[in-house]
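Trainee: If you scroll down you'll find the structure; I have some questions about it.
There are 2 protein chains.
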Amino acid sequence: MSVTLKEVAVRAGVSRSAVSRTFTEGASVSAKTRAKVEKAAVELGYSPNALASSLTTGRTKLIGLVSNNFHNPLFLEVFDLFTRGLQERGLRPLLVNLSAETDPANSVRMLRQYSVDGVIVASSTLPPSFAEAFRDVGIPVVHSFGRYTSSPHVHVVGIDNIACGRMAAGALIARGHKRVAFLGGPKGATSTEDRAKGFLDALSAHPDIAVSISYAAAYSFDAGRAEMIRLLEGTPAEAYFGGDDVLSIGALSAIQDAGLRVPEDIGFIGLNDMAMARWQNINLTTIRQPVAEIIASSIDLVVGTIADPDRHPETRLFPCSIVERGTLRPLP
Amino acid sequence: MSVTLKEVAVRAGVSRSAVSRTFTEGASVSAKTRAKVEKAAVELGYSPNALASSLTTGRTKLIGLVSNNFHNPLFLEVFDLFTRGLQERGLRPLLVNLSAETDPANSVRMLRQYSVDGVIVASSTLPPSFAEAFRDVGIPVVHSFGRYTSSPHVHVVGIDNIACGRMAAGALIARGHKRVAFLGGPKGATSTEDRAKGFLDALSAHPDIAVSISYAAAYSFDAGRAEMIRLLEGTPAEAYFGGDDVLSIGALSAIQDAGLRVPEDIGFIGLNDMAMARWQNINLTTIRQPVAEIIASSIDLVVGTIADPDRHPETRLFPCSIVERGTLRPLP
DNA sequence: ATTAAGATTGCAACCGGTTGCAAAATCTGT
DNA sequence: ACAGATTTTGCAACCGGTTGCAATCTTAAT
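See the structure below:
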């Protein structure tokens with residue numbers, strides 16, 4: 013079927029080692045031998061079998077990219093950046109889609125069978141224990157978009173969700189709103205818990221401001237819309253912090269359908285700054301998450317840990333910033 | 013580092029072959045031996061090395077998933093369905109992001125080095141020659157979302173873009189519009205060419221209807237918006253067929269900003285039926301592309317071709333349907 | 001020309017599995 | 001209990017590479 017090293021060796025009239033060495037960075041081969049081998053290789057259309065070599069070198073250059081966020085538009089950007097970033101370093105992403113029904117233990121086993129050099133878990137909704145399962149079997153792992161912990165067992169790269177919650181609260185306070193609310197994502201998600209915490213925390217210094225909290229069933233348009241419809245049956249707050257952009261956009265659609273104006277009647281601030289937030293017919297004021305930096309940093313960490321497996325787990329949090337658009341009234 | 017077959021063999025007091033056989037479907041092992049081996053395996057935490065076994069079996073269960081559509085929201089659904097579908101069959105997607113700067117030949121070489129069992133090229137903008145490059149080196153390949161050809165060199169699965177163009181034209185004609193237009197994607201894309209062809213084709217039977225065509229720079233919000241802004245400087249058509257949903261949404265934003273009403277002043281029909289089209293604050297009338305069927309069929313084809321490499325290339329086109337929403341006035 | 005140092009080469013063993021084959025063990029029927 | 005059929009088992013070679021080591025070849029210096 014495909015051309016092997018041995019065939020090239022025969023054709024070039026050299027040993028198999030010589031062929032192997034011409035294709036190995038920094039190995040000792042004379043110019044003459046190299047020329048012969050390269051000639052034979054192109055004539056035969058040879059290209060070395062990466063998997064076979066991984067057997068002896070112990071490196072596959074395969075990186076498991078595990079996620080359960082295949083419905084969040086932000087993750088299209090995330091996949092784009094991860095695949096590009098990994099490719100630039102000569103690494104190959106082996107994608108694992110962790111849907112609700114798949115057994116996490118299964119994905120650990122599978123990635124072990126394929127001897128991935130490292131794993132990147134890209135999810136804000138998976139528990140820390142998931143990423144730790146990889147570390148437990150000796151695979152370097154980074155949890156991207158994960159939760160900060162003071163004594164991490166694995167590398168975590170992401171944003172400070174508590175600080176984001178505070179930042180959102182600050183934006184609403186600065187605008188003089190007296191009844192504010194957090195419309196969170198699913199109750200169990202660590203990201204939502206932390207954002208709620210920071211939000212309440214900042215508002216605890218303002219007893220004159222009424223705060224309420226509710227949770228959507230998921231980080232999704234429909235869930236955000238449904239929860240907002242429910243909220244509109246009562247007395248809605250003056251301004252909301254939405255747990256995520258897509259959820260916020262869903263909520264906004266409900267507000268518009270109710271005939272209310274944004275930001276005049278109800279203000280809204282989202283989180284993520286995904287591509288659609290910028291669309292002029294959405295125009296969502298939101299908190300930008302520095303996705304590119306998070307991803308570059310995650311790749312750095314996983315590569316670094318592959319090089320030095322005993323490297324101490326570290327947490328890297330990136331600062332977020334408010335992107336002013338049209339769903340929050342201007343600062344006074 | 014990791015536990016090998018040999019260690020399990022020693023611990024279980026059997027030969028290496030015996031261990032190999034207990035982990036191979038349908039191999040001959042006695043219940044007694046199997047029990048001993050399985051016991052030793054769990055005690056040691058053994059899991060077989062898929063890459064090593066691929067060396068002899070010639071199957072890696074790796075499938076290259078190549079795409080250059082990392083900015084099209086539809087492709088989040090595409091990646092979700094592909095990864096899930098492949099996983100269900102015990103296959104692993106090796107993702108390749110073909111951005112503008114990467115050399116296509118490079119990705120062929122790379123996937124060959126990793127001995128992928130097959131390749132799925134998921135793109136409506138790549139030329140047929142790209143997928144053919146895989147077939148040329150003997151790798152089973154399917155071009156998903158590719159263009160129909162009467163004598164295909166590789167499997168093609170997708171929609172009949174010409175028929176879609178006709179369908180869009182039909183929808184506009186049925187509504188009695190007398191000045192219609194196609195706002196296409198990038199001029200070079202085969203999908204846009206075909207959609208334009210079908211559109212013009214259907215309208216050629218209606219000499220009383222004025223038709224015009226223009227092209228956006230890309231299948232993107234910004235490109236659609238920019239082109240629509242340009243069109244609004246002149247006399248716009250009464251109704252548009254947008255080359256794609258995200259482009260259409262961009263165009264709609266320009267129409268709204270110009271103070272025109274949709275569908276009263278300008279009607280719009282998109283193509284794809286991506287998640288956002290359904291959002292109530294977008295509510296785009298569009299032509300639905302049966303993504304799930306296309307993907308299931310693509311996986312079937314690649315699996316089938318792996319089993320029978322001499323299988324004749326075939327083209328599978330799936331019918332599209334109009335999804336009525338709010339951007340086209342009701343039928344009279 | 002001689003020699004020591006350095007570069008290049010091939011041998012052979014190994015990476016972690018699979019598999020054809022023949023020997024050994026087990027089962028069947030009588 | 002025995003012959004014949006069937007199943008199970010281990011040996012050894014192989015998949016496509018890499019690499020330590022010793023032998024050979026170059027090169028530079030004397």
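Just so you know, the sequences run in chain order A and B. Here our numbering is used: the first residue of the first sequence is 13, the next is one more, and so on. Here our numbering is used: the first residue of the second sequence is 13, the next is one more, and so on. Heads up, the beta-carbon is just placed ideally off N, CA and C, and yes, glycines get one too.
Kindly indicate which three-state DSSP category N118 (chain A) falls into: helix, strand or coil?
Mentor: Helix at N118 (chain A).
Trainee: Between M240 (chain A) and chain B, is any beta-carbon pair separated by less than 8 Å?
Mentor: No, no contact with chain B.
Trainee: Can you name the start and end residues of the alpha helix (DSSP H) that V131 (chain A) belongs to?
Mentor: Note, V131 (chain A): premise wrong, no alpha helix (DSSP H); beta strand (DSSP E) at G130 to A134.
Trainee: Would you kindly check if the distance between the Cβ of G182 (chain B) and the Cβ of D256 (chain B) is under 8 Å?
Mentor: Against a cut-off of 8 Å, the Cβ pair of G182 (chain B) and D256 (chain B) comes out as no contact.
Trainee: Would you check if there are 3 or more beta carbon pairs closer than 8 Å linking the stretch 133 to 148 of chain A to the stretch 287 to 304 of chain A?
Mentor: Result no; under three Cβ-Cβ pairs closer than 8 Å.
Trainee: Alpha carbon to alpha carbon, what distance is there between Y252 (chain A) and A222 (chain A)?
Mentor: Those two C-alpha atoms are separated by around 12 Å.
Trainee: Taking 8 Å as the CB-CB cut-off, is S32 (chain A) touching chain B?
Mentor: By this cut-off, S32 (chain A) is not an interface position.
Trainee: Whole angstroms are fine: how far does the CA of L243 (chain B) sit from the CA of G210 (chain A)?
Mentor: Between G210 (chain A) and L243 (chain B), the C-alpha separation is close to 47 Å.
Trainee: Would M288 (chain B) count as contacting chain A if we go by Cβ distances under 8 Å?
Mentor: Yes - at least one Cβ of chain A is within 8 Å of the one on M288 (chain B).
Trainee: Name, in chain order, the residues that DSSP records as bridge partners for S111 (chain A).
Mentor: Its beta-bridge partners do not exist; DSSP assigns none.
Trainee: With a cut-off of 8 Å, does the C-beta of I306 (chain B) fall near any C-beta of chain A?
Mentor: Not closer than 8 Å to any Cβ of chain A, the Cβ of I306 (chain B) fails to qualify, so no.
Trainee: From G347 (chain A) to G170 (chain A), what does the alpha carbon distance come to, in whole angstroms?
Mentor: Nothing in the structure corresponds to residue 347 (chain A), since chain A is present only between 13 and 344.
Trainee: Let me make sure I understand the geometry here. Which of A:V168, A:E55, A:R96 and A:L215 has the alpha-carbon closest to that of G188 (chain A)?
Mentor: Checked all of A:V168, A:E55, A:R96 and A:L215; the closest Cα to G188 (chain A) is A:L215.
Trainee: Measuring only the C-alpha atoms, how far is L296 (chain A) from G70 (chain A)?
Mentor: Roughly 48 Å separates the two Cα atoms.
Trainee: Pairs of beta-carbons, one from the stretch 109 to 129 of chain B and one from the stretch 87 to 97 of chain B, closer than 8 Å: are there three or more?
Mentor: Flag = no, the stretch 109 to 129 of chain B and the stretch 87 to 97 of chain B do not touch.
Trainee: Nearest CA to the CA of S156 (chain A): which residue from A:I281, A:V168 and A:S163?
Mentor: For S156 (chain A), the nearest C-alpha among the options comes from A:V168.
Trainee: Using a Cβ-Cβ distance cut-off of 8 Å, determine whether R28 (chain B) contacts chain A.
Mentor: Judged by the 8 Å Cβ criterion, R28 (chain B) is not in contact with chain A.
Trainee: For N284 (chain B), return the contacting residues in chain A, with the cut-off set at a CB-CB distance below 8 Å.
Mentor: Those do not exist, as N284 (chain B) stays about 14 Å from chain A at its closest Cβ, beyond 8 Å.
Trainee: Closest Cβ-Cβ distance between A319 (chain B) and chain A: below 8 Å?
Mentor: Not an interface residue.
Trainee: Kindly indicate which residue of A:K190, A:I318, A:I307 and A:T114 has the alpha-carbon position closest to the one of P219 (chain A).
Mentor: Checking every option, the nearest Cα to that of P219 (chain A) belongs to A:K190.
Trainee: Out of B:G150, B:L212, B:T161 and B:R159, point me to the one whose CA is closest to A180 (chain B)'s CA.
Mentor: It is B:L212 whose Cα lies nearest to the Cα of A180 (chain B).
Trainee: Tell me which same chain residues have a C-beta within less than 7 Å of the C-beta of A249 (chain A), skipping the five on either side of it?
Mentor: Counting only Cβ-Cβ distances below 7 Å, and skipping sequence neighbours, we find R191, V192, A193 and S224.
Trainee: Given a threshold of 16 other Cβ atoms within 10 Å of its Cβ, counted over all protein chains shown, does K48 (chain B) qualify as buried or as exposed?
Mentor: By the 10 Å Cβ count, K48 (chain B) comes out buried.
Trainee: Grab me the residues of E144 (chain A)'s own chain with a C-beta within less than 7 Å of its C-beta, minus the 5 sequence neighbours each way, in chain order.
Mentor: Answer for E144 (chain A): H165 and V166, listed in chain order.
Trainee: What's the C-alpha gap between M122 (chain A) and V54 (chain B)?
Mentor: So the two alpha carbons sit approximately 16 Å from each other.
Trainee: Tell me which residues share the same chain as P60 (chain A) and place their Cβ nearer than 6 Å to its Cβ, disregarding the 5 neighbours each side in the sequence.
Mentor: Closer than 6 Å at the Cβ level, and outside the excluded window around P60 (chain A), lie F35.
Trainee: Using 8 Å for Cβ pairs, my map puts A30 (chain A) next to A21 (chain A). What's the rounded Cβ distance?
Mentor: At roughly 7 Å, the Cβ-Cβ gap stays under 8 Å, so A30 (chain A) and A21 (chain A) are in contact.
Trainee: Skipping 5 residues on each side, what residues in its chain have a beta carbon closer than 7 Å to that of V149 (chain B)?
Mentor: Within the same chain, V149 (chain B) has close Cβ partners V120 and R124.
Trainee: Hey, how far is the Cα of G355 (chain A) from the Cα of G338 (chain B)?
Mentor: Chain A is shown from 13 up to 344; residue 355 (chain A) falls before or after that span and cannot be answered.
Trainee: Can you give me the Cβ contacts of F146 (chain B) inside the same chain, cut-off strictly under 7 Å, excluding the 5 residues immediately before and after it?
Mentor: Closer than 7 Å at the Cβ level, and outside the excluded window around F146 (chain B), lie V120, V131 and V153.
Trainee: So is E336 (chain B) buried or exposed if we call it buried at 16+ other beta carbons inside 10 Å?
Mentor: Exposed, because fewer than 16 other Cβ atoms sit within 10 Å of the Cβ of E336 (chain B).
Trainee: Rounded to a whole number of angstroms, what is the C-alpha to C-alpha distance between A235 (chain A) and E100 (chain B)?
Mentor: Their backbone Cα atoms lie some 28 Å apart in a straight line.
Trainee: Counting only beta-carbon separations shorter than 8 Å, does N257 (chain B) have a partner in chain A?
Mentor: In the sequence as presented, Asn is not what sits at residue 257 (chain B); that position holds Asp. No, D257 (chain B) lies away from the interface with chain A (no Cβ there is under 8 Å from its Cβ).
Trainee: Can you tell which of B:L103, B:D129, B:N84 and B:N80 has its C-alpha closest to the C-alpha of T114 (chain B)?
Mentor: Checked all of B:L103, B:D129, B:N84 and B:N80; the closest Cα to T114 (chain B) is B:N80.
Trainee: Within the 8 Å Cβ cut-off, does T72 (chain A) reach chain B?
Mentor: Closer than 8 Å to some Cβ of chain B, the Cβ of T72 (chain A) qualifies, so yes.
Trainee: Please work out which residues of its chain come closer than 8 Å, Cβ to Cβ, to Y58 (chain A), disregarding the five sequence neighbours upstream and downstream, and give them in chain order.
Mentor: Counting only Cβ-Cβ distances below 8 Å, and skipping sequence neighbours, we find V15, T16, L17, E19, V20 and A52.
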